[in-house]
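There are 2 protein chains.
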Amino acid sequence: MRKHYATIKDIANALNISFATVSRALRDAYDVKAETRELVLAKAAELNYRPNVNAKGLAQHRSYNLGVVLPGITNYYFSTVITGIQEVAYNSGYNLILYVTNDSAERERDMIRNLALSSLDGLLVCVSSDSDDGSGFQAMIDEGIPVVFFDRVAEQVNTSRVVQDDYNGAFEATEHLVQNGYRKIAHIAGPEGLAFTRARLKGYKDALKKHGLPLKQEWIIYSGFSQAHGEQDALNLWKCRSRPDAIFAVNDRKAVGAMLALKKLGVEVGKTVGVVGFTNDPVASIISPSLTTIAEPAFEIGKISCQLLLNHIKKKRFDPKEVVLPGKLIVRESSLKV
Amino acid sequence: MRKHYATIKDIANALNISFATVSRALRDAYDVKAETRELVLAKAAELNYRPNVNAKGLAQHRSYNLGVVLPGITNYYFSTVITGIQEVAYNSGYNLILYVTNDSAERERDMIRNLALSSLDGLLVCVSSDSDDGSGFQAMIDEGIPVVFFDRVAEQVNTSRVVQDDYNGAFEATEHLVQNGYRKIAHIAGPEGLAFTRARLKGYKDALKKHGLPLKQEWIIYSGFSQAHGEQDALNLWKCRSRPDAIFAVNDRKAVGAMLALKKLGVEVGKTVGVVGFTNDPVASIISPSLTTIAEPAFEIGKISCQLLLNHIKKKRFDPKEVVLPGKLIVRESSLKV
DNA sequence: AAAAACAGCGGCAACGTTATCGGTAAATCA
DNA sequence: TGATTTACCGATAACGTTGCCGCTGTTTTT
Numbered sequence: 001m002r003k004h005y006a007t008i009k010d011i012a013n014a015l016n017i018s019f020a021t022v023s024r025a026l027r028d029a030y031d032v033k034a035e036t037r038e039l040v041l042a043k044a045a046e047l048n049y050r051p052n053v054n055a056k057g058l059a060q061h062r063s064y065n066l067g068v069v070l071p072g073i074t075n076y077y078f079s080t081v082i083t084g085i086q087e088v089a090y091n092s093g094y095n096l097i098l099y100v101t102n103d104s105a106e107r108e109r110d111m112i113r114n115l116a117l118s119s120l121d122g123l124l125v126c127v128s129s130d131s132d133d134g135s136g137f138q139a140m141i142d143e144g145i146p147v148v149f150f151d152r153v154a155e156q157v158n159t160s161r162v163v164q165d166d167y168n169g170a171f172e173a174t175e176h177l178v179q180n181g182y183r184k185i186a187h188i189a190g191p192e193g194l195a196f197t198r199a200r201l202k203g204y205k206d207a208l209k210k211h212g213l214p215l216k217q218e219w220i221i222y223s224g225f226s227q228a229h230g231e232q233d234a235l236n237l238w239k240c241r242s243r244p245d246a247i248f249a250v251n252d253r254k255a256v257g258a259m260l261a262l263k264k265l266g267v268e269v270g271k272t273v274g275v276v277g278f279t280n281d282p283v284a285s286i287i288s289p290s291l292t293t294i295a296e297p298a299f300e301i302g303k304i305s306c307q308l309l310l311n312h313i314k315k316k317r318f319d320p321k322e323v324v325l326p327g328k329l330i331v332r333e334s335s336l337k338v
Numbered sequence: 001m002r003k004h005y006a007t008i009k010d011i012a013n014a015l016n017i018s019f020a021t022v023s024r025a026l027r028d029a030y031d032v033k034a035e036t037r038e039l040v041l042a043k044a045a046e047l048n049y050r051p052n053v054n055a056k057g058l059a060q061h062r063s064y065n066l067g068v069v070l071p072g073i074t075n076y077y078f079s080t081v082i083t084g085i086q087e088v089a090y091n092s093g094y095n096l097i098l099y100v101t102n103d104s105a106e107r108e109r110d111m112i113r114n115l116a117l118s119s120l121d122g123l124l125v126c127v128s129s130d131s132d133d134g135s136g137f138q139a140m141i142d143e144g145i146p147v148v149f150f151d152r153v154a155e156q157v158n159t160s161r162v163v164q165d166d167y168n169g170a171f172e173a174t175e176h177l178v179q180n181g182y183r184k185i186a187h188i189a190g191p192e193g194l195a196f197t198r199a200r201l202k203g204y205k206d207a208l209k210k211h212g213l214p215l216k217q218e219w220i221i222y223s224g225f226s227q228a229h230g231e232q233d234a235l236n237l238w239k240c241r242s243r244p245d246a247i248f249a250v251n252d253r254k255a256v257g258a259m260l261a262l263k264k265l266g267v268e269v270g271k272t273v274g275v276v277g278f279t280n281d282p283v284a285s286i287i288s289p290s291l292t293t294i295a296e297p298a299f300e301i302g303k304i305s306c307q308l309l310l311n312h313i314k315k316k317r318f319d320p321k322e323v324v325l326p327g328k329l330i331v332r333e334s335s336l337k338v
């Protein structure tokens, strides 16, 4: 029962002019008298004219659709990034198409294959934990589709990227624990192989080095990003011969998991053991003791990524840019020491 | 420098057959020999053929795009619903276009106006708190675009809707507090005027009535959905001449806000005061004491909403359906009494 | 053995735009 | 005054599909 909208030809017929003129009038005033332009616009409103995006896309070879490939959307960071992306896209007349990989490289590959079907004008990507070398994204770029990475980048691919300052954030977080009197600081890291896992790890290591603190391999644990992973990691840390007295976690979710595990073990976080996270998820101020963390500018990252992508689309030329946004240490209870 | 994909005609030329045959072979085996079909498929793979969605949409009068209008995506419930929607849409070859209203009726109206431009095949909607009578959505339906409401519906609009069982969930939550020994139960409600605010309020009232408990008007507070609102509501409740001894909150975020406020007041939740929420946000098991709540099937709601919408799109005429999904009481510490 | 049915394929016209090229009248120039 | 530019508009061909009609041979029916 779908009614059909009025087309450009209907307007032309009603006005007894060529539909080519209507097409021009509807876009720019180029080559049309102001008078007839008014007529067309009025008639268009009267007939409730809606441009057909398929026809437009077919004729112009574009879709006004942007793809967003990311592991998931059910956490604070990603959903906030998307909100930022969405704001910019919406204001520029672009649509967003989500591709949720569930943090699986396999699903990511499948989606990239299918995603080419959707004739996208550009792509915003946060790769999955176990992502490969990013050859799929390189292929997209080779086909002329601009790609911008955010948060988690495929390093081999030479294109624009927007990330938080992982190294300095991690450095600052670790140093904060040192300054509060902690000496045996462990690191619950992300999955090995991910660029920002390495960056945050390096920040952690360099902070320890600066303050002449021991760097034990058994105090560094790699695993996934979930709360459950954080719990398990903490339990494993507490099995070490030499127990740490503080934990810097790669993100807040893992930090929260660790805190819950320590609570079960009867360890008093914020007194005998310090914990610092990364993200500033709202849960950080809800959990007790509240969680000290590095705040990430998630919304900004989304906005800037999208702006960058739109620039790439506009100018055909590509000159890859790297944007690094600073984080901010938010001190709460979990890093106290009494 | 966007490279062009191989088209159906390229395949036809390479194989010396008509492009109409290629088109048929690529879809159904209808009217094509299995042999030639194999040939076409092989050549398509060889040439890395990608169907052009714009051309397809133009010929078929559809866009394979679905719109999702909702207040926001940065919370557990909405992001999970979207994940459910996304799964169904993706598997059926549909794209999702997000319209984030920031829970503002004004922005909602603006977006609906623009959204008509995007030639959508259907619409999934969760109205904003202060939404109007939904005439904008009625207009879409009149134009032949199927609309399905989820969670928050515009009651005046006669179309399919998918919601959780607000009434029974609220009833069960309230009764649980009663059964645990609480007698002076307050309700922190949502914004007045919203259908599910009323449904949950009624469940609360009926549970009190069933157990012959007092129903005080000053124990019912309407306000927004945020954690900050919950905090303020709890503070206001504690200013009452006759203080309640328990709170049933319209959602977990408000319940969390209330718990944090009570903690500051020195009130012991789960001992002298009971709190029950609604949603089963992950934060419910992180906060201390952990929060008793009614679990909502958010992912299911998303999936079913999208399936329903796709049905509406397939069959041109479809009778509006109302799907009500049951919640489940999750008992934790916040509703204990010692 | 003629008639009817069918399987397999090609031709062509949509679908609603944009883009390119002309063409005509008016305006400007020489 | 004639030539040339300018402003405006029309005709037509894309864009890459799908859908309808019709044309062959071959198979089945009667």
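As given, the protein sequences belong to chains A and B, one line each in that order.
Just so it is clear: in the first sequence, position 33 is 33 by full-length UniProt numbering, and no numbers are missing.
Just so it is clear: in the second sequence, position 208 is 208 by full-length UniProt numbering, and no numbers are missing.
For every residue, glycine included, the Cβ atom is placed at its ideal position computed from N, Cα and C.
Note that this is a predicted model, so its numbers are computed, not measured.
Tell me the DSSP secondary structure of residue i in three-state form.
i	result
Ala12/A	helix
Ala29/A	coil
Asn65/B	strand
Gly274/B	strand
Lys56/A	helix
Gln156/B	coil
Arg109/A	helix
Cys240/A	coil
Glu46/A	helix
Gly181/A	coil
Gly72/A	coil
Met1/A	In this predicted model, Met1/A has a pLDDT of only 43, less than 50, meaning its place in the structure is not dependable; the value taken from the coordinates is given anyway. Coil at Met1/A, not helix or strand.
residue 345/B	Summary: the structure shown does not reach residue 345/B, with chain B confined to residues 1 through 338, and so no result is reported for it.
Ser305/A	helix
Ala6/A	coil
Asn233/A	Residue 233/A is actually Asp in this sequence, not Asn. It is helical.
For the beta strand (DSSP E) holding residue i, just list the boundary residues, first then last.
i	result
Leu325/A	Glu322 to Leu325
Arg161/A	Arg161 to Gln164
Leu96/A	Asn95 to Val100
Cα separation between residue i and residue j?
i	j	result
Pro326/B	Asp121/A	42 Å
Pro191/A	Arg200/A	12 Å
Met1/A	Leu194/A	Reliability of the predicted coordinates at Met1/A is poor, the pLDDT of 43 falling under 50, and the value obtained from them is presented with this limitation in mind. Roughly 51 Å between the two C-alpha positions.
Ser305/A	Phe150/A	7 Å
Phe78/B	Gly136/B	22 Å
Ile97/A	Lys239/A	45 Å
Met140/A	Ile185/B	59 Å
Asp281/A	Ala105/B	28 Å
Thr279/A	Gly266/A	26 Å
Phe19/B	Ser128/A	39 Å
Lys301/B	Val162/B	Rather than Lys, the amino acid found at residue 301/B in this sequence is Ile. Between Ile301/B and Val162/B, the C-alpha separation is close to 6 Å.
Asn95/B	Trp219/A	44 Å
His229/B	Gly257/B	7 Å
Which residues does DSSP pair with residue i in a beta bridge?
i	result
Ile188/A	Ile221/A and Ala249/A
Ala295/A	Thr279/A and Lys328/A
Phe150/A	Val162/A
Gly122/B	Leu66/B
Val267/B	Val267/B pairs with nothing; no bridge assigned.
Can you tell me where the alpha helix (DSSP H) with residue i in it begins and where it stops?
i	result
Phe196/A	Ala195 to Lys210
residue 359/A	Residue 359/A cannot be examined here, being either before or after the span of chain A that is shown, 1 to 338.
Ala284/B	No alpha helix (DSSP H) holds Ala284/B; DSSP gives it neither H nor E.
Glu87/B	Tyr76 to Asn91
Is the beta carbon of residue i sitting closer than 7 Å to the one on residue j?
i	j	result
Val81/B	Val125/B	no
Leu309/B	Val148/B	yes
Gly274/B	Ala246/B	yes
Gly67/A	Leu115/A	yes
Leu329/A	Ile294/A	yes
Ile221/B	Asp233/B	yes
Gly203/B	Ala249/B	no
Val32/B	Asp165/B	no
Val283/B	Ala173/B	no
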